[in-house]
Amino acid sequence: MSEKRPENFIIGGLTLDGKKFRPSDWAERLCGIMSAFGADHRMSYSPYVRPGLHLGDKCVYVAARLYEIEPMAYNFLASFAKDNELQVINTGHPDAKAED
């Protein structure tokens, strides 16, 4: 039996029924819990979990590589989206070939 490979995904700022998710800074807050202090003593977002915009709405970009480093964090983000009934856009496997 093959194990399902983690995928890159976007947590959209709209619920499944099309309403804007609140509070308005939810993406920054969510990414903030995955951030760390760098050598410059400044907080910086993880390279695997970043806030952004998708089709004009706030979103969080989640890289599949996070699963290899910290599977609990990857699963937490997926569960957050599911528990809050947020739209999730799978953007595929990072190493996928065109014919996959």
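The sequence shown lines up with residues 30 to 129 when you count with my numbering.
Every residue, glycine too, gets a C-beta built ideally from N, C-alpha and C.
With residue 119 as the anchor, note down where its beta strand (DSSP E) starts and where it stops.
Reading the sequence shown from its first residue, position 90 is the one you call residue 119. Here the beta strand (DSSP E) through residue 119 covers 115 to 121.
Give me the residue from 74, 97 and 47 with the minimum Cα distance to residue 90.
Position 61 of the sequence shown, counted from the first residue, corresponds to residue 90. Answer by Cα proximity: 74.
Do the CB positions of residue 115 and residue 103 come within less than 8 Å of each other?
Translated into positions along the sequence shown, residue 115 becomes position 86. Translated into positions along the sequence shown, residue 103 becomes position 74. Not a contact, by the Cβ cut-off of 8 Å.
Output needed for residue 99: all residues of its chain with C-beta closer than 7 Å, excluding positions within five of it in sequence on either side, in chain order.
Start at 1 with the first residue of the sequence shown, and residue 99 comes out as number 70. For residue 99, where only same-chain residues beyond five positions count, there are no Cβ hits under 7 Å.
Quick check on residue 66: buried or exposed, where buried means 16 or more other Cβ atoms within 10 Å of its Cβ?
Numbered from 1 along the sequence shown, position 37 holds the residue referred to as residue 66. Per the 10 Å Cβ criterion, exposed.
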